[in-house]
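There are 4 protein chains.
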Amino acid sequence: MSYFENIQQIKYEGRTSTNPLSFKFYNPDQVILGKTMREHMRFAIAYWHSFSANGSDPFGSGTAIRAWDQYAGLELAKARVDACFELLHILDVDYFAFHDRDIAPEGSTLQETNQYLDEIVALIKDKMQATGKKLLWNTANMFTNPRFVHGAATTNNADVFAYAAAQVKKALDHAKELGSENYVFWGGREGYETLLNTDLGLELDNLARFLHMAVDYAKEIGYTGQFLIEPKPKEPSKHQYDFDAATTLSFLQKYDLLPYFKLNLEANHATLAGHTFEHELRVARINGVLGSIDANQGDLLLGWDTDEFPTDLYSTTLAMYEILLNEGGIGSGGVNFDAKVRRTSFEPIDVVYAHIAGMDSFARGLQVAAKMIEDRVFDNILDTRYASFKSGIGADIVSGKANFKTLEAYALENSHNIVNQSGRLELIKATVNQYLINS
Amino acid sequence: MSYFENIQQIKYEGRTSTNPLSFKFYNPDQVILGKTMREHMRFAIAYWHSFSANGSDPFGSGTAIRAWDQYAGLELAKARVDACFELLHILDVDYFAFHDRDIAPEGSTLQETNQYLDEIVALIKDKMQATGKKLLWNTANMFTNPRFVHGAATTNNADVFAYAAAQVKKALDHAKELGSENYVFWGGREGYETLLNTDLGLELDNLARFLHMAVDYAKEIGYTGQFLIEPKPKEPSKHQYDFDAATTLSFLQKYDLLPYFKLNLEANHATLAGHTFEHELRVARINGVLGSIDANQGDLLLGWDTDEFPTDLYSTTLAMYEILLNEGGIGSGGVNFDAKVRRTSFEPIDVVYAHIAGMDSFARGLQVAAKMIEDRVFDNILDTRYASFKSGIGADIVSGKANFKTLEAYALENSHNIVNQSGRLELIKATVNQYLINS
Amino acid sequence: MSYFENIQQIKYEGRTSTNPLSFKFYNPDQVILGKTMREHMRFAIAYWHSFSANGSDPFGSGTAIRAWDQYAGLELAKARVDACFELLHILDVDYFAFHDRDIAPEGSTLQETNQYLDEIVALIKDKMQATGKKLLWNTANMFTNPRFVHGAATTNNADVFAYAAAQVKKALDHAKELGSENYVFWGGREGYETLLNTDLGLELDNLARFLHMAVDYAKEIGYTGQFLIEPKPKEPSKHQYDFDAATTLSFLQKYDLLPYFKLNLEANHATLAGHTFEHELRVARINGVLGSIDANQGDLLLGWDTDEFPTDLYSTTLAMYEILLNEGGIGSGGVNFDAKVRRTSFEPIDVVYAHIAGMDSFARGLQVAAKMIEDRVFDNILDTRYASFKSGIGADIVSGKANFKTLEAYALENSHNIVNQSGRLELIKATVNQYLINS
Amino acid sequence: MSYFENIQQIKYEGRTSTNPLSFKFYNPDQVILGKTMREHMRFAIAYWHSFSANGSDPFGSGTAIRAWDQYAGLELAKARVDACFELLHILDVDYFAFHDRDIAPEGSTLQETNQYLDEIVALIKDKMQATGKKLLWNTANMFTNPRFVHGAATTNNADVFAYAAAQVKKALDHAKELGSENYVFWGGREGYETLLNTDLGLELDNLARFLHMAVDYAKEIGYTGQFLIEPKPKEPSKHQYDFDAATTLSFLQKYDLLPYFKLNLEANHATLAGHTFEHELRVARINGVLGSIDANQGDLLLGWDTDEFPTDLYSTTLAMYEILLNEGGIGSGGVNFDAKVRRTSFEPIDVVYAHIAGMDSFARGLQVAAKMIEDRVFDNILDTRYASFKSGIGADIVSGKANFKTLEAYALENSHNIVNQSGRLELIKATVNQYLINS
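Chains as they are written, first to last, in the working numbering: chain A, 1 to 439; chain B, 1001 to 1439; chain C, 2001 to 2439; chain D, 3001 to 3439.
Below, the structure written as structure tokens:
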């Protein structure tokens, strides 16, 4: 049966098409800067939003109309697998991503839960082989079940820590089994509700211990996918330990975990932390840890994680700019739509419309960013602005030859001659607008 | 002459005194947990807010009525020194803190500027020797002058970098001269207005180079005060590089600067970064870098740095709790009032009232925090909550004996027996309220 | 059976009691400013948070351990009624408040739903008569069921509008039946997700039509309880129509509804709108529409409605100050705990601890506010500050005698003599702290 | 002399021009929906940002390089007039706007101040007649001078109220003299720092008295320009009385001022109040009070009024959409650039670049909005969504025929048949993106 009835595979029809079920900008085979759009993007569908969620929010029940809801238990789990591969086909998307609990229900014991999981993983593996679709990343849901009320790796309850370890061990086994290209740690409830009852030092030490165990186990079983951490500043906890890219880097450095991890950065998490998405990407890029992205957008006038499908072309353009400049581009990562249709967009076709909107927005961002790179728009700006560090006293500073005494001597000579140049922000923004429209 | 006419030295009169010019809680010689209040606090007055500022804001001119405004140039600078030592006496405060440009005007060349500075530093040194007052920290203002429009150590202009180096070199000379117990780096304009014209990698590398030069120069001249960095997330720049404690730790680790720096944490900067003040203090404490505090408070419904005098007893209590638990307490740091009277509180006596308000609020915070420590309020909570990590599987996790396989084996046995305990947040908050009132 | 096993009725034991199951400040029979604390407060328990909620959040399942969860359907509804009256007894609270869907489940038709409701209302009426407990207010839940996905009175679907009308009609019948002292309209999903598909004018006109129908129907059936509107700025909608007190006043005035409505103000909604709680109360007070309060508090570093139990004594003090100054105090309204225990406080006893925390915090607020009123703390400040409007040109302004020409003539004479006085904010805040500790 | 040396008048060169000193989208004579772009826009330059400001911020001195800074006092004032008319010519902009204190310095008395003002007004009048340039609006600066520390019309000092009255009287005389098409009241310091020392009721009553006096005086002198109020929620005061459009409407209604005032809405003020710009415009439009706009944009990750030049095409498109749908379009109002070049954009040419950026962004917004209106994009959406209110029970609701009893009867029949339709937000956003690129 079909879960997205009467919807044909979406094709590129060009920017003026009035067919809502077509791509206006995403042309998978179009080559840009030496790679196809498909290769640049490595789009992925998020299982949780598109197959497990129902549109509920803290004030209301689910609204989503989904044909698979006629089933329950393992049958429901199987139906969702079918729906997932159907949507991958419709959207011509190569990758998907899931939490363990998205794909299979919990049983009454861990044994039973693992058995359900194994069964669905086997089914997914078959589907992958049959279709060529791939797993961008998997992860373990260690936040929904009440046992994780105080966290998983940062819980105050050692039994829960052990349970979480068992869960991730299994998830790594499945990552290997399915050839998952990455394995993601998202904070879930790793954080605190209040410092008043929290041993912050112990909890962070334990988190590091947990991650080292994961690294060790992956080595042991020969799983070679990339480990990723996904920063988020708040929600569900009042404070999430992986607050942002810089905080996560600080943690990884302190605990000697930096060689093993990259970051999976999400737009909405960036803005909740008070940063632009491009800031987080830039921080990751210059530290060599830009691993993958969770593509969505927040509403900056709202203070929670709205996980909207990304349609802001400014944001997608600057995100793609960072990815294009990253060594190896998005690498083994991808553009995963960690985005949910609005509760008011409850029909199955909205899931298709929403992905088209997101894919086209990123495709347009790629076009614009690539054109600006080809035209050396920002390179020219930087070359001019930082020219003083290429020679003379500036070169001495960069090379390490200068010190406070040589610099003071220089400054005493030159203090009356200092001339700055305008940063030209308004002109630059107008230029970006031109590229946005004209590219 | 007197700049705070008819105001006698403020004395402790107890919590029910109706004399506005008395301390209600700050009793300098009262011993708490083995030290006098004076020793715990090491209060400092901020030169910039209390002597150099005039109450202007982006929408209006200065309102402050200050007797020293009858002078100009170096005479004004000297009058302010007198006013500072008068206020230190009135408030019975031992420390003060300043930027170079607070205490002396700029000349037409760096040479002339340095000459003015030297003259005022000599005057201050005399005053210090005569009164026993001490310098908590000094720093260099590298943000007011237009030359720093694009930053100082992170400018795009090598000439400006050199100038900044010369300025800090001089400031370190003065730190040594005056026995300053710390030297502070506050970000000023070290940040960016937009990523669109910013070479983030180069700017951060240069910042690290600058700080290493400072470390080297301090060694060279034998200056042994503590180096401090003061995080702030935004303002004046859209993004400030020393965003918060964790970001600063990340930077210090990456560039091998961690051994040389501690943090000077400010309440209002914490909340602008989305954190509580106690969070920032805790992060610093568990990383061994809690150096000093800038005591003030923000208005969480406003989005800029309001630098209000601290009066929220919840915040001062939890701040003092972290300081009391810090190894060595506040150490060579202190409680510096980086706070300004409201523009509407423009009379000289308001400066006195405001400091009394702040000192009493911190004194009360100390009393309450100390009582909670004596009664082991939080210790008892933590002992119970984290008991499971003291023995059995929890002890194995902490000691490093456990791994994913042993933990899975344990979890498979115990997954049905997991029992969590309530975090009791509401009861804990009611308890804090009781201590606040009853201590 | 008991749902709060082994918990005796909570008694006042005074501020130094170490019994967590006692009131430290709330002494129901203590007379303050001519009324007992009980009369001032009119505390109410919110049915939804304490009996219908389960501790779930967008990232996790319910954690609450509740003895009534052994039941289902109507039996569950009946058990909750028992639990509610048990908790009212334990806490010695006189009032409760509910939405229709809190107390009874929905049936498969509106008829069946109403039948369930009628049955539970009859049970509640019996309990009320037997115990003397009273209904502070009731309301209709028009946001949980998917039919309200686009709003109720502001839906785009006339069938939904009709359904909502039927629901409120029934709720008003029940309000009359139970002698509910107020009837509340909380916005639910009356707002918009996006302006891009919203006819704002029609939706607001329809909301006004709906409220007029409610007024008419109440008259028709002789229901004389006070109508209340509860402002909230955002969540669940991106924009809620009753954004804050001023917006709601604007709406009521435009549609000639002001004579029939007062406001039910919530602390957390105030801060989400960018206001302090006391601001919203003050706006309501000076406009004669301060009707009732939903007592809770938000976390100003988080951007969603956390509905925490109120423990901030600054906020409860200033709230009680406004209520004490309101003509008739809280009137037919009350202090309703629209607050939920944290998801991490999942044991039944936490519900008791949390209400004690809230009741004591408001009781302490009452004590402090009353003492400041008795001592004329703020009256004295205002008398001095605004003295210039009591005579001379100021009196002419207030009485309407002055105009631009007379004022210009006055100003031309006096422009050089204008003298302002300090607002003394820091001193005032220190004074509030003293009252907080000493009252 | 020229203040913008070597800059020719900016011409439209089309969207692919690489000449930074050209318009890419603003083609003044292009007709769109029956009016020229020039007529739609009525662009204005803000005197304060472009001629009086110097790029200072709370952390630094002015950076702006301006040729007129060689002058002082009245000579400076005259030079700025020349500069203003030069920039109006360069940008081919027809309107400007000013505060009284922007155009002339204060003297030592009000008399002297008025004399300076009169002299400059006469000069401006001559220039206007010579060039055909027009005054969009003027206003009185009642916030910069220290006398306004506690507000102007809402001060606690009657002498200040009188002074403010005299100032506005003069400003209205000048409005008449110069044929100013509007007169604006912006809140300045009309608000409060703290409720603890504020008589909110008296202050708002006085504000209403002040505005009535202004209305009366305008009638008396026959000034017929439109009165505008400009909402802003916070800054410089903690709370500004004209918080947002709805709050201002509430105030105008309460005090019978609604017939005399419209709103001047600013993008950055909207977002500081937690609203989108288009929300504020829509609220004004459906209440018939959309008067004029202050065109700029804020940074939603910063909490203060950044007053950036508007370049976000989403915002300009939706703003122009509201203006196009407003009866009479922008009417006697205009698109006034209440925007400042960044402190880092300190060269004169940046002022030109910035205005080009803003004008092109609004021109593009106009093109896109007009195309969507021509294609009935949103009309079609609304027609479908709200169809149920056009007939049957929906028509009865709108016409006033329905009541709770007839609606209940209907609902009891139809409760099981309710069908909602998706709001299609993602598809709508994708459509907007298409129009943005393709128009």
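Where is the CB? At the ideal position from N, CA and C, for every residue including glycine.
At least 3 beta-carbon pairs within less than 8 angstroms: the stretch 3064-3075 of chain D vs the stretch 3007-3019 of chain D
Contact between the stretch 3064-3075 of chain D and the stretch 3007-3019 of chain D is absent, with fewer than three C-beta pairs closer than 8 angstroms.
Would you tell me roughly how many angstroms separate the C-alpha atoms of residue 3263 (chain D) and residue 3184 (chain D), rounded to the nearest one?
Roughly 9 angstroms between the two C-alpha positions.
Under the rule that 16 or more other beta-carbon atoms within 10 Å means buried, what is residue 320 (chain A), buried or exposed?
Counting every other CB atom within 10 Å of its CB across the protein chains shown gives residue 320 (chain A) a total of 16 or more, marking it as buried.
Just to make sure I have the definition right: I need the residues of chain D whose C-beta is within less than 9 angstroms of the C-beta of residue 1068 (chain B). Which are they?
Going along chain D, no residue has its Cβ under 9 angstroms from residue 1068 (chain B), so there is no contact; the nearest lies around 17 angstroms.
Taking the CB atoms as reference points, tell me whether residue 2049 (chain C) and residue 2339 (chain C) lie closer together than 8 angstroms.
Note that the C-beta distance between residue 2049 (chain C) and residue 2339 (chain C) is below 8 angstroms.
Would you decide whether residue 2355 (chain C) is buried or exposed? Buried here means 16 or more other CB atoms lie within 10 Å of its CB.
Residue 2355 (chain C) should be labelled buried.
Tell me the DSSP secondary structure of residue 3226 (chain D) in three-state form.
DSSP, reduced to helix, strand and coil, places residue 3226 (chain D) within a strand of the structure shown.
Starting from residue 1002 (chain B) and walking both ways along the alpha helix (DSSP H), at which residues does that stretch end?
Annotation: residue 1002 (chain B) is outside any alpha helix (DSSP H) and is labelled neither H nor E by DSSP.
Below 8 angstroms between beta carbons is the criterion; list the residues of the stretch 3370-3382 of chain D that meet it against any residue of chain C, in chain order.
When C-beta distances to chain C are compared with 8 angstroms, the residues of the stretch 3370-3382 of chain D below that value are 3378, 3381, 3382, in chain order.
DSSP three-state assignment for residue 3136 (chain D), whether helix, strand or coil
Residue state for residue 3136 (chain D) is assigned as strand, using DSSP reduced to three classes.
Give me the Cα-Cα distance between residue 23 (chain A) and residue 2166 (chain C), rounded to the nearest whole angstrom.
Cα to Cα, the separation comes out at about 45 angstroms.
Contact between the stretch 2382-2402 of chain C and the stretch 2036-2046 of chain C: three or more CB pairs below 8 angstroms?
No, the stretch 2382-2402 of chain C is not in contact with the stretch 2036-2046 of chain C.
Unbroken alpha helix (DSSP H) run spanning residue 2427 (chain C), endpoints:
That run of the alpha helix (DSSP H) goes 2425-2438.
At the level of alpha carbons, what is the spacing between residue 3044 (chain D) and residue 3337 (chain D)?
Near 6 angstroms, if we compare the C-alpha coordinates of residue 3337 (chain D) and residue 3044 (chain D).
Closest to residue 257 (chain A) by C-alpha separation, out of A:359, A:274, A:265, A:228, would be which residue?
Ranked by Cα distance from residue 257 (chain A), the first of A:359, A:274, A:265, A:228 is A:228.
Mind checking whether the beta-carbon of residue 2073 (chain C) lies closer than 7 angstroms to any heavy atom of the ligand ATP?
The ligand ATP is not part of the structure shown, which contains no ligands of any sort.
Segments assigned beta strand (DSSP E), at least 3 residues, entirely inside the stretch 258-284 of chain A
Qualifying beta strand (DSSP E) stretches, in chain order: 261-266.
Taking only three categories from DSSP, how would you classify residue 176 (chain A)?
Residue 176 (chain A): helix per DSSP, three-state reduction.
Can you find the residues in the same chain that come closer than 8 angstroms, C-beta to C-beta, to residue 2247 (chain C), ignoring five residues on each side of it along the sequence?
Within the same chain, 2231, 2241 come within 8 angstroms of residue 2247 (chain C) by CB-CB distance, once the 5 residues on both sides are set aside.
Return the residue from the list B:1350, B:1225, B:1412 that minimises the CA-CA distance to residue 2424 (chain C).
It is B:1350.
The stretch 1044-1060 of chain B: which residues have C-beta closer than 9 angstroms to a C-beta of chain D, in chain order?
Under the 9 angstroms Cβ criterion, the stretch 1044-1060 of chain B contributes 1055, 1056, 1057, 1058, 1059, 1060.
According to DSSP, is residue 1182 (chain B) helix, strand or coil?
Note: residue 1182 (chain B) maps to strand in three-state DSSP.
Comparing the C-beta of residue 3419 (chain D) with each C-beta of chain A, is any distance below 8 angstroms?
Chain A, which has no Cβ nearer than 8 angstroms to the Cβ of residue 3419 (chain D), makes this no.
Under 8 angstroms by Cβ, that's how I've got residue 1197 (chain B) and residue 388 (chain A) pegged, so tell me the actual separation to the nearest angstrom.
Between residue 1197 (chain B) and residue 388 (chain A) the beta-carbon gap is near 15 angstroms, outside 8 angstroms, which marks them as no contact.
Am I right that residue 1286 (chain B) and residue 1333 (chain B) are in contact with their C-beta atoms under 8 angstroms? What's the rounded C-beta distance?
Residue 1286 (chain B) to residue 1333 (chain B), Cβ: 17 angstroms. No contact.
8 angstroms Cβ cut-off: residues of chain D touching residue 1336 (chain B)
Within chain D, no residue has its CB atom less than 8 angstroms from the CB of residue 1336 (chain B), the nearest being about 18 angstroms off.
When you compare each of D:3026, D:3133, D:3053, D:3394 to residue 3347 (chain D) by their alpha carbons, which one comes out closest?
Of the listed residues, the one whose Cα sits closest to residue 3347 (chain D) is D:3053.
Taking only runs of the beta strand (DSSP E) that begin and end inside the stretch 84-132 of chain A, which ones reach a length of at least 3 residues, in chain order?
As far as the stretch 84-132 of chain A is concerned, its whole beta strand (DSSP E) runs of at least 3 residues are 95-99.
Residue 217 (chain A) to residue 2055 (chain C), Cα distance in whole Å?
Their backbone Cα atoms lie some 35 angstroms apart in a straight line.
Can you name the residues that DSSP bridges to residue 3046 (chain D)?
Beta-bridge pairing links residue 3046 (chain D) to D:3097.
I'd like the ranges of any alpha helix (DSSP H) spanning at least 4 consecutive residues and lying wholly in the stretch 2352-2408 of chain C.
Every alpha helix (DSSP H) stretch that sits fully inside the stretch 2352-2408 of chain C and reaches 4 residues is listed by chain position as 2377-2385, 2392-2399.
According to DSSP, is residue 2349 (chain C) part of a helix, a strand, or is it coil?
It is helical.
Ordered along the chain, which non-local residues of its own chain (more than five positions away) have a Cβ less than 8 angstroms from that of residue 3028 (chain D)?
Result list for residue 3028 (chain D): 3012, 3036, 3037, 3038, 3092, in chain order.
Figure out for me which residue from C:2001, C:2079, C:2362, C:2155 has the closest Cα to the Cα of residue 2105 (chain C).
Among C:2001, C:2079, C:2362, C:2155, the Cα nearest to that of residue 2105 (chain C) is on C:2079.
From what residue to what residue does the alpha helix (DSSP H) around residue 3292 (chain D) run?
For residue 3292 (chain D), there is no enclosing alpha helix (DSSP H); the residue is found in the beta strand (DSSP E) stretching over 3290-3294.
Three-state secondary structure (DSSP) at residue 3334 (chain D)?
Residue 3334 (chain D): coil per DSSP, three-state reduction.
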